[in-house]
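Notes for the one structure printed next.
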Amino acid sequence: MNPALFLQQFGPLILIFAIFYFLIIRPQQKRDKERKNMLSELKEGDDVVTIGGIFGRILNIKEDVVTLEVGDKVKIKVTRSAIGNVLKKDEKSE
């Protein structure tokens, strides 16, 4: 088979795969890695927002269960994967 013919036939397919990899697959893998790191670094006292939009402070972490204080003497338990974001000191809304 002629190399020019091969490149002409499969070149666009290879180009499309490369575009998908760099625009879709690779950024998603990076976000997943950052999220996994964020969830593994959770500690007691962190102010967080759940994926449902609930603001709270972490009171206790046991394996996959996180106890949040969401108000005065109001505690809820959520899974670790339900934590959407850890608030920085300047993002706290108190």
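Residue numbering for the sequence shown follows our numbering, starting at 7 and increasing by one per position.
The C-beta atom is built at its ideal place from N, Cα and C for all residues, glycine as well.
In the three-state DSSP reduction, residue 43 falls in the helix class (H, G or I). When only Cα atoms are considered, residue 51 and residue 30 end up about 35 Å apart. By the C-beta density criterion, residue 38 is exposed, having fewer than 16 other C-beta atoms within 10 angstroms. The residues 88, 90, in chain order, have a CB closer than 6 Å to that of residue 57 in the same chain once the five nearest residues on each side in sequence are set aside.
For residue 61, the enclosing beta strand (DSSP E) covers residues 61-68.
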